[in-house]
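Notes follow once the structure below has been shown.
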Amino acid sequence: MEEYLAELNDAQRAPVLQVDGAMIVIAGAGSGKTRVLTYRIAYLMHKGVDSFNILSLTFTNKAAREMKKRIATIVGASEAKNLWMGTFHSIFAKILRFEADKLGYPSNFTIYDTQDSQRLIASIIKEMGLDKDIYKYKQVYSRISSYKNSLITVKAYFQNAELVEADAMAKRPRMGEIYQHYVDRCFKAGAMDFDDLLLKTNELLNRFPEVLAKYQNRFRYILVDEYQDTNHSQYLIVRALSDKFQNICVVGDDAQSIYAFRGANINNILNFQKDYDNVQQYRLEQNYRSTKNIVEAANSIIDKNKTKLDKVVWTANDPGPKIFVNRLLTDGDEGRYVASSIFENQMQHQLGNGNFAVLYRTNAQSRAIEDALRKRDIKYRIYGGLSFYQRKEIKDVLAYLRLIINPKDEEALKRVINYPARGIGGTTVDKLIVAANHYDRSIFEVIENLDRINLKINSGTKTRLENFMNMIKSFQIENQNSDAFVLSEIVAKKTGLLQELKKDGTPEGIARIENIEELLNGIRDFVEGQKEVADETGSLAEFLEDVALATDLDQDTGDDDRVALMTIHLAKGLEFPYVYIVGMEEDLFPSGMSMNTRSELEEERRLFYVALTRAETQAYLTYTQSRYRWGKLVDAEPSRFIEEIDDQYLEYITPVEGYRYKPLIDSDIFGEVDKSKLRLKKPVSGAPPLAHKPNEEQLRKLRKLRPVSDNTTNESKTNLFDEELIPGTAVEHMRFGLGKIIKIEGVGQDKKAEIHFEKGGIKKLLLRFAKLKII
Ligand code: ATP
Ligand code: MG
302 MEEYLAELND AQRAPVLQVD GAMIVIAGAG SGKTRVLTYR IAYLMHKGVD
352 SFNILSLTFT NKAAREMKKR IATIVGASEA KNLWMGTFHS IFAKILRFEA
402 DKLGYPSNFT IYDTQDSQRL IASIIKEMGL DKDIYKYKQV YSRISSYKNS
452 LITVKAYFQN AELVEADAMA KRPRMGEIYQ HYVDRCFKAG AMDFDDLLLK
502 TNELLNRFPE VLAKYQNRFR YILVDEYQDT NHSQYLIVRA LSDKFQNICV
552 VGDDAQSIYA FRGANINNIL NFQKDYDNVQ QYRLEQNYRS TKNIVEAANS
602 IIDKNKTKLD KVVWTANDPG PKIFVNRLLT DGDEGRYVAS SIFENQMQHQ
652 LGNGNFAVLY RTNAQSRAIE DALRKRDIKY RIYGGLSFYQ RKEIKDVLAY
702 LRLIINPKDE EALKRVINYP ARGIGGTTVD KLIVAANHYD RSIFEVIENL
752 DRINLKINSG TKTRLENFMN MIKSFQIENQ NSDAFVLSEI VAKKTGLLQE
802 LKKDGTPEGI ARIENIEELL NGIRDFVEGQ KEVADETGSL AEFLEDVALA
852 TDLDQDTGDD DRVALMTIHL AKGLEFPYVY IVGMEEDLFP SGMSMNTRSE
902 LEEERRLFYV ALTRAETQAY LTYTQSRYRW GKLVDAEPSR FIEEIDDQYL
952 EYITPVEGYR YKPLIDSDIF GEVDKSKLRL KKPVSGAPPL AHKPNEEQLR
1002 KLRKLRPVSD NTTNESKTNL FDEELIPGTA VEHMRFGLGK IIKIEGVGQD
1052 KKAEIHFEKG GIKKLLLRFA KLKII
């Protein structure tokens, strides 16, 4: 047997070894579904399948990169290089570029991000003279997005009396027209939005049998991760591509289907059997990720859902600590508790920031957590907020770059035609838009033809427009000889963007310049990376494609050690040793907007299942007594999901006199809680005994659990000893060996020493736990 196959259990090995045919792996969280896909690809390649013939679709590009890395260690880097792995959007954007001309698009089409799309819709609503309070652009955008994901084109929309009626009833009778304008404008701008990447792929495969045949023959083996969250449009693409050879392997967990609100369709899993011949079904039951307490608590949650497939999930991992439940007074206290608990765990177990994640239901909850982490000097990264590429100054630079590749790009052009200010006012731009609509051309084409059309603008404005056009054209010439990095530097300087920010001189302006520098560094890294790949050159077009589809997770290079803050939706598929789920309150989680029907509530419950199952070693649930919501302090009630967990898996943290988390001293905070549930938080006294001989994996987990020392109660001794520890003192640590104290900070329980260890470099240790010996 190949050596790597031994890293799978029997149940996991079966779908890996079945080379041909349709198969579905339905299994609970942490049971190795993603691992099966990874090893299956390696195995296919060992069996002689050309990497060129394999297509693997993942939930994030980061997940794809990680899988690729693992595969490279098995089959070799050069073999793995040509694998097509990535999100639906990134893979099909690539295919659409090859085939764009068939759909009447330029191959250098722009990809509009959500912000671009929403701006365009807002401007269409304005141009049509509609009431923006009735036609809210964000709502209109999400309607259009859902039409597209259900493959309802403009034509299909108008033929669908029910839809037309529904929009009319919602007082938006002109939805269809907006949709029509939006589609036309995108087309004229040579732009596709995110949903188009799927919609147009479907169109391509439907309308052009020869194109379909080409990709069917190419992608003989198709693999899809997180299949439970595919929407209709994605489903149809997979279906079409796999129809000929039917070598398709999908993995998923119905209990983790959490994107119904965006059109994900659980029926895709349920109907898989009917869609292909001789479907083999596999089940994985052993969870390798989490402790017994976490696995069993998660099982007890998902049991409450009526709509589900029956599944078993068990683990051989040790029981681990119970899930800590803590009630705080306010969100500020919640943040402080999380920060101090993270800090304490770090010190006690000698763990870096990257071992911790804080998960919440809504983005707005991150602020209190951030504040508290900052105060403690704990580095964190927020995922899913405004991503780097959406910052204004970055979007400005990118807009110029986009125009170089595709001058028709309307949103990019409107963004920078008068930034930095060059005397081209809003009225002029409006005239250009009207002319562009009239002649059915892009705005840039109108500027190119100013001499031939009668646009009422003065000669000064005309010259300024021509200067702008010539500047873009000069960049285009430069683009033929330079890579993306060189070109971007020229753009940042010649457009006057950097100059503008320097003039500003405020701290924000300086931060913006630094961001642009970071962007340029990123582009340089990208160019260097691309040049190592066979068919890539590091061109501007390649870079823009990469950026347009980058998600926040993709920016995470894993290089810097930070606590991860993100919504639960984003955490799907990830794992962390320590997970804090905050805001466990009714109306927040489950969300107040999702409690109307059983199916909505069940989706929230699945979301909680996803959250809890991200944790490897320890999970924390926190809730507050009152919380600011929509600017008002409202009473909060603990989430029903806490009660739904079998009590044996929970440990309620009780505040006692002198307890470190100060805000929790008032006993009436606990007035409504069943006192019998309140237990003291016990000091961690080492990992519980194992039922079996530990394997490698268990050892790894066990090591993580075992505290460096157990002297939590031995404070007086520590304190006396502390006095002797001053900068310059030579010390010995049981794990890090010999070192010298550089700095002492904090007092009492929080007293820390920064020590330069001969072997381990500089470390900050909490004296309470560090058990140092003076040499
Ligand atoms: P999710 O449903 O959350 O996406 P999953 O089913 O995809 O989870 P994986 O992420 O593949 O699960 O695996 C969970 C963890 O268990 C990973 O750290 C993985 O490396 C580990 N793991 C899986 N199978 C084994 C095994 N046979 N031996 C050791 N570790 C394993
Ligand atoms: Mg997975």
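Following this note's numbering, the numbering of the sequence shown begins with 302 at its first residue and continues without gaps.
Using N, Cα and C, we set each Cβ at its ideal position, and we do this for glycine too.
Item: Neighbourhood of Lys-1060 by C-beta, 6 Å cutoff - its chain only, sequence neighbours within 5 removed; Value: Gly-1038
Item: Paired residues, beta bridge with Pro-939 - DSSP; Value: Glu-886
Item: Nearest candidate by alpha-carbon position, reference Lys-437, set Lys-449, Ser-451 and Leu-421; Value: Leu-421
Item: Best match in Trp-931, His-1057 and His-870 for proximity to Ala-561 [C-alpha to C-alpha]; Value: His-870
Item: Which residues DSSP lists as bridging Met-386, in chain order; Value: Ser-357
Item: Cβ shell of Ala-673 (< 6 Å), same chain only, five flanking positions each side left out; Value: Gly-636, Arg-637 and Ala-640
Item: Chain-order list of residues whose beta-carbon lies under 7 Å from that of Val-659 (same chain, five-residue window excluded); Value: Val-639, Ile-670, Val-864, Leu-866, Tyr-881 and Val-883
Item: C-beta contact flag for Thr-729 and Thr-764 at 8 Å; Value: no
Item: Runs of alpha helix (DSSP H) lying entirely within the segment 356-439, each at least 4 residues, in chain order; Value: 362-376, 378-381, 389-400 and 415-428
Item: Straight-line gap, Ile-954 to Met-885 (C-alpha atoms, nearest Å); Value: 15 Å
Item: Ile-695 vs Asn-816 beta-carbon contact at 8 Å; Value: yes
Item: Reduced DSSP category for Ser-1017 - H, G, I as helix; E, B as strand; rest coil; Value: Confidence in Ser-1017 is poor, its pLDDT being 34 and thus under 50, which makes the residue's placement unreliable; the coordinate value appears in the next sentence. Reduced to three states, the DSSP call for Ser-1017 is helix.
Item: Among Gln-557, Lys-515 and Asp-526, nearest to Leu-542 - alpha-carbon criterion; Value: Lys-515
Item: Contact check, Ile-725 vs Ile-718, beta carbons under 8 Å; Value: yes
Item: Terminal residues of the beta strand (DSSP E) in which Phe-625 lies; Value: 624-629
Item: contact_flag[the segment 412-428, the segment 529-549] where n(CB pairs < 8 Å) is 3 or more; Value: no
Item: Check whether Ala-937 and Thr-925 have beta carbons under 8 Å apart; Value: yes
Item: Residue from Tyr-340, Trp-615 and Ile-1045 with nearest C-alpha to Ser-332; Value: Trp-615
Item: Own chain, CB closer than 7 Å to Ala-842, minus 5 neighbours either side, in chain order; Value: Asn-409 and Ile-706
Item: Nearest-angstrom Cα separation, counted from Gly-823 out to Ala-565; Value: 33 Å
Item: Contact under 8 Å by Cβ, Gly-1029 with Ile-1042; Value: yes
Item: Buried or exposed (CB count within 10 angstroms, at least 16 for buried), Thr-807; Value: exposed
Item: Cβ-Cβ distance between Asn-606 and Arg-941 below 8 Å; Value: no
Item: Classification of Thr-374 by the beta-carbon crowding that lies within 10 angstroms, buried from 16 upward; Value: exposed
Item: Heavy atom of the ligand ATP within 7 Å of Asn-362 beta-carbon; Value: no
Item: Contact set for Asn-579: own chain, Cβ-Cβ below 8 Å, skip 5 residues either direction; Value: Gly-322 and Ala-323
Item: Among Pro-474, Lys-1053, Asn-507 and Asp-604, the one whose alpha carbon lies nearest that of Tyr-910; Value: Asp-604
Item: Counted within 10 angstroms of its Cβ, other Cβ atoms place Pro-878 as buried (16 or more) or exposed; Value: buried
Item: Close beta carbons around Tyr-921, own chain, < 6 Å, minus the five adjacent residues each side; Value: Phe-625 and Tyr-881
Item: Reference Lys-709; option with closest CA among Pro-721, Asp-697, Ala-737 and Tyr-690; Value: Ala-737
Item: Val-613 versus Val-596: straight-line alpha-carbon distance, rounded; Value: 11 Å
Item: Cβ-based burial, Lys-1044 [other Cβ within 10 Å; buried from 16]; Value: exposed
Item: Interface flag, Ala-378 vs chain B, CB-CB below 8 Å; Value: The chain labelled as chain B is not found in the depicted structure, where only one protein chain is given.
Item: Leu-334: CB within 7 Å of a non-hydrogen atom of the ligand MG; Value: Strictly speaking, residue 334 in this sequence is Lys, with Leu absent from that position. Yes, Cβ of Lys-334 sits closer than 7 Å to a heavy atom of the ligand MG.
Item: Met-1035 in three-state terms, based on DSSP; Value: coil
Item: Check: Asp-526 C-beta below 7 Å from any heavy atom of the ligand MG; Value: yes
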